[in-house]
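Number of protein chains: 2
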Amino acid sequence: MKDPYALLLEHIGRNINLGPAEEELVTGLFRERSLKPKQFLFQEGEILKSQVFVTSGCLRSYAIDHNGFEHILQFAPEGWWIADMQSLLDQVPGKLNIDAIQASTLLQIGMSDMERLYREIPQLERHFRLLLERSVVTYQNRLLDNLSLSARERYEHFCRAYPTLIRELPQKQVASYIGVTPEFLSRMLRQPASRKG
Amino acid sequence: MKDPYALLLEHIGRNINLGPAEEELVTGLFRERSLKPKQFLFQEGEILKSQVFVTSGCLRSYAIDHNGFEHILQFAPEGWWIADMQSLLDQVPGKLNIDAIQASTLLQIGMSDMERLYREIPQLERHFRLLLERSVVTYQNRLLDNLSLSARERYEHFCRAYPTLIRELPQKQVASYIGVTPEFLSRMLRQPASRKG
DNA sequence: GGCGGGAAATGACCTAGATCAAGTCTGCCG
DNA sequence: CGGCAGACTTGATCTAGGTCATTTCCCGCC
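Read top to bottom, the protein sequences are chains Y and H. Going by my numbering, the first sequence opens with residue 229, and the numbers climb by one from there. Going by my numbering, the second sequence opens with residue 229, and the numbers climb by one from there.
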């Protein structure tokens, strides 16, 4: 079992270099927490108060539409951040739910402490800028996939993007992520992906 | 006709405060450029070399799928940034096309100059972090819309999100943005949006 | 070792939206 | 003014994927 704080510092260290004092400041402000499978971190209508970094296990965020269907926006395995950003940034009731799909541990930091970190370690702005750039690219690609690919192609992309996850996820969650019904995904997987060209 | 550089500084000024020397540094590194309607800024397969800030008119970015259909990722009217971020960040051949849908003017800065700006004005990291946060939220919402809403609902959202743009855009581009065929959008608009509940 | 509940499979049927193929309408360029 | 290329419309038909209901499977739990 790896030290969660070490994981966080390593993660940050990929983009910027922190001195020992800075590392201490960072680790001093994050608090550990663990979640059991299916336990909620955040529910629709609440106001999200903290940034969350996953140190083990896996969380997911999803929205529920007006027919009661779940649409998964993000999986967050070890080493990822997860949030309802709209709620967090504007301190407004969120539209997402976030829960653990496995027993998980995470590090949490309140918004005012986060702002303090930005003030005292301006380099962190850079770290998160770089993360967010990747995040935008990822969402753009996923959006284009949804606009231009068939369900089967989206499934294949998913398998390539999350080769580990796919083996531990219930099929219905994959369905919900790629945007098809569980029934349809089930049928699709039974069908022998037509050879082409 | 507003000064394009003033527009850029005003834009940045919404997030951070620059001193006169910093403002001069910024404006000194951006170069003006203009595009005629339909003129390309960037085409699939090229490697994007610069950040682009739109100062008048409107650009769009879109991908072409394996059936030859366009899918519009973004419209960038005055005051917005536009790029093929994947290409720009990784200096890799891009999958997007970017062109002007109206006569447009823009400010451009090469990547090395941009890095210099980040070095000399670290606050800019913050500015772009804040922009990118908004951008992620926007893409998340659009993705959820695509996963959970009908074509008509997506159209309505679009009208609310871009009330000005909708009046000057050809219908087929709206169709391409919301992810339906032009034929279907045409029919849909002819149908009197069923009253419900 | 039986049982309760969620996950998956499966069958029959349905529909939003796509496709293809003609038209028409419009604006702009020579 | 004439013509022609794009944008929009319209009709007929098709299909990927959805819906609903039933059954089976599997796994954790008492």
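For glycine and all other residues, C-beta sits at the position ideal for the given N, C-alpha and C.
When the distance is taken between beta carbons, is Ile349/H closer than 8 Å to Glu252/H? What you label residue 252/H is simply residue 24 of the second sequence in a count that begins at 1. What you label residue 349/H is simply residue 121 of the second sequence in a count that begins at 1. Going by C-beta atoms, Glu252/H is not nearer than 8 Å to Ile349/H.
Do Ile275/Y and Gly322/Y have their C-beta atoms closer together than 8 Å? Taking the first residue of the first sequence as position 1, residue 275/Y is located at position 47. Taking the first residue of the first sequence as position 1, residue 322/Y is located at position 94. Cβ atoms of Ile275/Y and Gly322/Y: closer than 8 Å.
Thinking C-beta only, is Thr392/H closer than 8 Å to Pro232/H? Counting from one through the second sequence, the residue named residue 232/H turns up at place 4. Counting from one through the second sequence, the residue named residue 392/H turns up at place 164. No, they are not a contact pair.
Listed in chain order, which residues of the region 354 to 382 of chain H have Cβ atoms closer than 7 Å to some Cβ of chain Y? Arg354, Phe356, Arg357, Leu360, Glu361, Ser363, Val364, Val365, Tyr367, Gln368, Arg370, Leu371, Leu372, Asn374, Leu375, Ser376
May I ask which residues mark the beginning and end of the beta strand (DSSP E) holding Pro391/H? In the second sequence, counting from the first residue as 1, residue 391/H sits at position 163. Careful: Pro391/H lies outside any beta strand (DSSP E) and carries neither H nor E.
Let me see if you follow: with CB-CB separation under 8 Å, is Met416/H close to chain Y or not? By one-based count along the second sequence, residue 416/H stands at place 188. No, Met416/H lies away from the interface with chain Y (no Cβ there is under 8 Å from its Cβ).
Cβ of Leu317/H less than 8 Å from any chain Y Cβ? Here residue 317/H corresponds to residue number 89 of the second sequence, with the count starting at 1. Taking Cβ atoms only, chain Y reaches closer than 8 Å to Leu317/H, which makes this a yes.
Can you find the residues in the same chain that come closer than 6 Å, C-beta to C-beta, to Gln319/H, ignoring five residues on each side of it along the sequence? Translated into the one-based positions of the second sequence, residue 319/H becomes position 91. Same-chain partners within the cutoff: Ile275.
When DSSP builds the beta bridges, which residues end up paired with Leu263/Y? Indexing the first sequence from 1 puts residue 263/Y at position 35. Paired residue(s): Ser332/Y.
Going by Cα to Cα distance, which pick from Gln368/Y, Ile406/Y, Ala389/Y, Leu375/Y is closest to Arg382/Y? The residue you call residue 382/Y lines up with position 154 of the first sequence. Nearest C-alpha to Arg382/Y: Ile406/Y.
Sort Leu371/Y, Arg415/Y, Pro410/Y, Gln419/Y by Cα distance to Asp293/H and report the nearest one. In the second sequence, the residue the question calls residue 293/H occupies position 65. Of the candidates Leu371/Y, Arg415/Y, Pro410/Y, Gln419/Y, the one whose C-alpha sits nearest the C-alpha of Asp293/H is Leu371/Y.
Write down the C-beta distance between Leu317/H and Phe258/H rounded to the nearest angstrom, noting that I regard them as a contact closer than 8 Å. Within the second sequence, numbered from 1, the residue matching residue 317/H stands at position 89. Within the second sequence, numbered from 1, the residue matching residue 258/H stands at position 30. No, Leu317/H and Phe258/H are not in contact; Cβ-Cβ is about 19 Å, not under 8 Å.
Go to Ser315/H, then tell me how far its alpha helix (DSSP H) extends in each direction, as first and last residue. Here residue 315/H refers to the residue found at position 87 when the second sequence is read from its first residue. Per DSSP, Ser315/H belongs to the alpha helix (DSSP H) from 313 to 318.
As a quick exercise: from Asn325/H, His355/H, His299/H, pick the residue whose alpha carbon is nearest that of Ser376/Y. Counting from one through the first sequence, the residue named residue 376/Y turns up at place 148. With distances taken between Cα atoms, Ser376/Y lies closest to His299/H.
Quick check on the DSSP output: the alpha helix (DSSP H) that includes Pro305/Y runs from which residue to which? The residue given as residue 305/Y occupies position 77 in the first sequence. From DSSP, Pro305/Y is part of no alpha helix (DSSP H) but of the beta strand (DSSP E) over 298 to 305.
Gln368/Y lies in the beta strand (DSSP E); which residues open and close that run? For the purposes of this step, residue 368/Y is taken as residue 140 along the first sequence, with counting starting at 1. Where Gln368/Y is concerned, there is no enclosing beta strand (DSSP E), although the alpha helix (DSSP H) it sits in stretches over 351 to 376.
If we call anything under 8 Å between Cβ atoms a contact, is Gln330/Y one with Gly285/Y? Stepping through the first sequence from its first residue, residue 330/Y is reached at position 102. Stepping through the first sequence from its first residue, residue 285/Y is reached at position 57. Going by C-beta atoms, Gln330/Y is nearer than 8 Å to Gly285/Y.
Taking C-alpha atoms, which residue in Leu263/H, Phe281/H, Glu272/H lies nearest to Val254/H? Here residue 254/H is taken as the residue at index 26 of the second sequence, counted from 1. When each option's Cα is compared against that of Val254/H, the closest is Phe281/H.
Would Arg362/H be called buried (16 or more neighbouring beta carbons within 10 Å of its own) or exposed? If you number the second sequence from 1, residue 362/H lands on position 134. Flag for Arg362/H reads exposed.
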